[in-house]
Amino acid sequence: MAALAVFWTIIFATMLVSSQQQQLLRQQGTTGSRQMSMVVDKKSLTEQDFVRVLNAPEFFTATPDLSVPVEYRCSKDRIIGVDVRASSLVRNNVDIFKFRWQCEKTLGQSKVRTVAITLPDTVLYKEDRLVRRAVFVTSMELRVWLIDKSLWTQYKMNHYVRALAKVSYPMQSVPPYSRPPKDHKQCWRWDVKMIDRFANDFKYATCPLEPEVVDFFTFPVAFGGYKRGVVKELPKFKDLALRKHMGEISTKARWTLSVWVYLQKYCSMNLCGLYHKAAVDDFYLTPVIFVTDTGHLFVQVSMVPQQLHAVLSIFKLPLHQWFRLDFTLDGNYFNTTVTYGPNLDKQYFMEDHFPRTVYFDDVSGRHVFGGTDVGLQAIKGFMAHARLYRTHVVPHDVIQIPPASDAMFAIELPQEYKNCEGFKRYTNVKLRHYKILKEDVLRRRVCLSFYAEKMEKYRRGYVDPESICPVYAGPAKQGYATTNALIRKQVAKYARIYSLHDKNLSDQLYQKAIDTVDVEGLRGVVSSIPMLQQSACLRGGHAAYLLSVLYTTGAGVKADQARAWRYGLLAAQLSGKLGLMSIAHKHHFGYDGYPIDDDIAYIYYKNIADQTQKDRDEHVEDDVFTETIRLTDTNALKEITNENDDLFLWLKFQAKKGVTDAQSAMARMLFWGQQGIKRNLQAAFRYYEMHAQQEPKNPEALYDYGIVMLKGQGTEKDVKKAMNTLNKSAELGSPAAINALGWYALNHEGNATKAAHYFHQADRKGNHDAAHNLGHLYWSGGYPGLKKPDRGKAFECYWRSAQRGHIEGSIQSAMMFYNGYGLQERNAYNGAIWARFIAEMSPELGKTLRNGLLAFRQKNWSKSLLFYLLAAEAGLEQGEFNMAYLCEENPEGLAESFIEKDCKWKYYNLSTLAEWPSSYAQIKMGDFHWYGCGGKRDASAAVKMYAKAAVQQDPQGLYNLAYLVGEGVEIENMTLLKIGIDPVHKTSNVTLMSEFYSRCRESRNSDAFIPCSLALARVQLFDIWQKYEGFLKLSSVLGVAMVTSLTAFAVHAHIRANRQDVDTV
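Here the sequence shown stands for residues -19 to -1, 1 to 1046, numbered as in mature numbering (1 follows the signal peptide of the UniProt record, and there is no 0).
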């Protein structure tokens, strides 16, 4: 019985202990839903030690009575501790609060003690002048524990780990910028008081704006299916907490990408780039979104560890309409939604779970829309409104649709495609019609007229389809007369014609439109619009660009911004050089509704730059060199010649007589197409040969002769003779010839070591080709002893050749600046600038300037205005300047009558934005600002423009600055220093004006001497008058009195003499 009693006593005690532990846990659970860690002493109920916090708070906030009640029971003497441990972005598990006390035996009863918590200001308050740095707390926990006194004495650390009973509570910390400012009630140090006295406008730190939702671009971007694309980089978050958070979720990222796409065709290759992420070494990262040649979506991601996984959509992407592609990645799950249709009410959907963890870091690598410079072809179409939600997933039905007024919808691309398809069907039917007519004539049969055909149909009730003319054989549609005539002409010209060549017909329509303006002047613009629209439908980039220019400026038609955008984008998409140049320039400077974006400007500039190199290498007779001639430069205008001009004939005569300078000039003009002469490589070779034979010791003459023989330009290739000539030139010290020897050693002998030796030798002599060739060796990894490509060294060489004016070196430098190859960071601005530098050398732009110049010399004002307008809208500084000059001169009133917008202000202003603007344009803009053209005077802007002209040593700028000083306008010291004038001259307006006029008089322009001297004399006389005004007034009075007295005396003497004469008589 005794044993049974003991047994039931043990069972009852165990159940009681268990129920007490459960009750303790339930009570603890009522303090919140947070997870906690708890350890209870495993002893009998009466001897059990425990410790806990009653009603543990969720937050530690900045309150005066920050405290926690701690309940505890000790079976013997113990030590109780309360800790607050926190982790930040830079340190982990730091005890920011500690409190200890000794617990004596409580005889089975628990006690409660309130512990005041004192935390550092840096975790409770915002930053201010005393709280210098607010700490972002990533995690925090409140810990209470109970340890045996002997263990406390024996061990100095890790008491919580050795505790008999312990509990921890996870806490939350208020973010730094959401915390309250501290009310400092303590006495401040004297230095803090002084700072506070002079900094009453101090504002508490606020959270910096972080780009959690990023718009890569919003305005439509044209992609022509070429190997280039828009590259974007995301900045790292400034906030350390966000930055750490993004790093932690790189393997469980949650983000959404949304982009609008307009596809014209599916990919001409297996895959075309729509969007992807790429590392600096062009390795594909997560995600890769391509379009296949069948119109399906190809999606690829990078998984951990370094594995790729791809999926292919079942659906095909729609053509010739805007659709929105929404791509969402949520951990290893992704989905893609395509919203399309006339009313955007249709959808395609795909989703998948990747088999492994997907890695994504939005700041590493580059975000690429379209293709790449290293081989990936872009889609053929347009993109707009590319947006990335970096930190969260957004359902597709939440993403807003842009309004109908947005540029993407305003340009009406689907309607343009529909109209063009109708026109193409019409041309095909007309071709068939004229072929039948021609066959009938040849067979002596006559096709019935449209009306007779209809009458016959109704009379008989049935007509054999094979015996009648096509539907469009009737009256021509309005505006199609020129097209009909051109088709009829082609059918009549060729014996057999199966289809129309769109480009030939497009070029003919464009030329007809130009001829119409040539004959009718700007009045003929209206009648040329249909021809230009039809030419643009047939992929005529020139026509699309001209339409864009007309609708932008209102030249002969009413200005229409939406149509201007449409045709400008179509011209760029068709790779029309002027169109590409124009839209790139407008993105670079941000006008005519185009947002500033050098990432976009680069791809357009780069397209022309790549074509420029090919154009200069190929021989096209009507290509000309892009020459910088302003219509105000009378000397340069005199040098423009042609094959029948006296200057050209005189040079030709002198060259044949053996004058070497004339031979060199003739060769240069004919080889490059300079000074109004068309390219003629055969004739240029003859003059190079004559010059080399005339001066066999001239290294440059020998090089020119040898290199054209080596390349076979204008003559048959003769490698042996060319190398002999180049060796002689190299021996005479020609850097270009030394480089040519290296090029031959690399490409014909395969000797990279020998080639590098020659390249280095020529590079040290300043040859730009040699620097480029060295860059190529480093870039390709072909430099002797190099195991892999060295992009850093390659960039140094390419950059050196670019600074020396090398075309390919400039293109490579632009590409490396843009993509960040060989650099620490990308520089899209420099990439755009260098691509533009080469793009402006395009022969196409040179021809446009030349046509405007020749029309000006022939006094064909309408044609000159038209071509200079094309050049100006393309962003060429000479075109802008000359267009502004023509608008100012306004010959025959054309500019005011036929151009809707103010072209003087616009183009003079744009020309001043160039790297090397004309001081004439700067002075004009200064005048416009000073006299208030446009309704508002801006003296400070006038000063800036006149100062820029003065920096270029233009005396008119100095003269105008002196005039402004006389009018009381203040000129800043920094402006004076830029001009080279010491601000000490600002002691008085007279002193400063005298300095300006003195410099004006001493300028190299002799025409400025007299007006500047007179102005200086006027200022000096005025100064003398002010200084000696009293003395001069007194002198004047005395002088006048003396002259009056002498005059009176003389008159009196004269009267007396006359009276004496009368008396004598």
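Quick reminder that beta carbons are idealized off the backbone N, C-alpha and C, glycines included.
Backbone CA spacing between residue i and residue j [nearest angstrom]
i, j, result
"Tyr491", "Thr615", "33 angstroms"
"Ala144", "Arg66", "16 angstroms"
"Gln358", "Gly351", "7 angstroms"
"Arg547", "Gly812", "26 angstroms"
"Gln9", "Thr119", "Confidence at Gln9 is low in this model, with a pLDDT of 40, below 50, so its placement is unreliable and no value can be given for it."
"Thr27", "Arg54", "Below a pLDDT of 50, predicted positions are generally treated as unreliable, and Thr27, at 47, falls in that range; the measurement from the model is reported next regardless. Approximately 10 angstroms between the Cα atoms of the pair."
"Ala665", "Ser516", "36 angstroms"
"Ala385", "Pro395", "14 angstroms"
"Thr463", "Leu289", "57 angstroms"
"Tyr944", "Met974", "8 angstroms"
"Gln135", "Trp171", "47 angstroms"
"Thr338", "Leu252", "25 angstroms"
"His787", "Tyr759", "17 angstroms"
"Ala989", "Glu983", "8 angstroms"
"Ser448", "Asn465", "For Ser448, the pLDDT reaches just 48, beneath the cut-off of 50, and the residue's location in the model is therefore unreliable, although a value from the coordinates is still provided. The alpha-carbon atoms of Ser448 and Asn465 are separated by roughly 22 angstroms."
"Lys709", "Asp744", "19 angstroms"
"Val51", "Ser231", "41 angstroms"
"Ser593", "Ala816", "Reading off the sequence, residue 593 comes out as Thr, not Ser. Looking at the two C-alpha atoms, the distance is approximately 10 angstroms."
"Leu561", "Val155", "52 angstroms"
"Glu777", "Ser794", "9 angstroms"
"Glu620", "Gly210", "42 angstroms"
"Thr696", "Phe296", "56 angstroms"
"Glu821", "Ser68", "58 angstroms"
Any C-beta of chain B under 9 angstroms from that of residue i
i, result
"Phe330", "Here there is only one protein chain, and chain B is not present."
Contacting residues, own chain, Cβ-Cβ under 7 angstroms from residue i (five flanking each side not counted)
i, result
"Tyr901", "Thr613"
"Met389", "Pro201, Trp241, Trp303, Ala365, His366, Pro383"
"Val700", "Leu691"
"Asp1004", "Val971"
"Leu894", "Phe570"
"Leu891", "Glu861"
Range of the contiguous alpha helix (DSSP H) that encloses residue i
i, result
"Gly860", "858 to 870"
"Val946", "936 to 947"
"Tyr491", "483 to 501"
"Ser563", "558 to 570"
"Ala752", "749 to 761"
Extent of the continuous beta strand (DSSP E) run through residue i
i, result
"Thr95", "92 to 97"
"Ser845", "Ser845 -> not in any beta strand (DSSP E); alpha helix (DSSP H) instead, spanning 842 to 854."
"Pro151", "146 to 152"
"Ala291", "288 to 297"
"His257", "252 to 259"
"Val240", "235 to 246"
Close beta carbons around residue i, own chain, < 8 angstroms, minus the five adjacent residues each side
i, result
"Gln675", "Gly639, Thr641, Gln644, Ala682"
"Arg520", "Asp483, Lys484, Ser487, Leu555"
"residue 1060", "Absent from the model: residue 1060. The displayed extent of the chain is -19 to 1046, so no value can be given."
Same chain, Cβ closer than 6 angstroms to residue i, neighbours up to 5 away in sequence not counted
i, result
"Asp935", "Ser900"
"Gly762", "Lys769, Pro770"
"Ala617", "Ile610"
"Val374", "Arg235, Thr237, Thr309, Asp311"
CA nearest to the CA of residue i, picked from the options
i, options, result
"Asp883", "Lys130, Trp236, Gly535", "Gly535"
"His757", "Lys746, Ser782, Gln742", "Ser782"
"Pro299", "Ala923, Thr275, Ile962", "Thr275"
"Gly916", "Val142, Trp886, Asp578", "Trp886"
"Arg81", "Val75, Ala97, Lys709, Ile61", "Ile61"
"Asn832", "Pro872, Ile658, Ala876", "Ile658"
"Leu851", "Ser563, Lys86, Ser249, Asp496", "Ser563"
"Tyr725", "Gln694, Gly695, Gly687", "Gly687"
"Asn808", "Glu214, Asp196, Phe31, Leu70", "Glu214"
"Ile589", "Tyr575, Thr734, Ser791", "Ser791"
Would you check if the region 699 to 716 and the region 744 to 753 touch, i.e. whether three or more CB-CB distances between them fall below 8 angstroms?
-> yes
Using 8 angstroms as the threshold, is the region 273 to 283 in touch with the region 309 to 320, meaning 3 or more CB pairs across them?
-> yes
How about the region 520 to 534 and the region 864 to 873: do they share at least three Cβ pairs that are nearer than 8 angstroms?
-> no
If we count Cβ pairs, one from each stretch, closer than 8 angstroms, do we get three or more for the region 146 to 158 versus the region 93 to 102?
-> no
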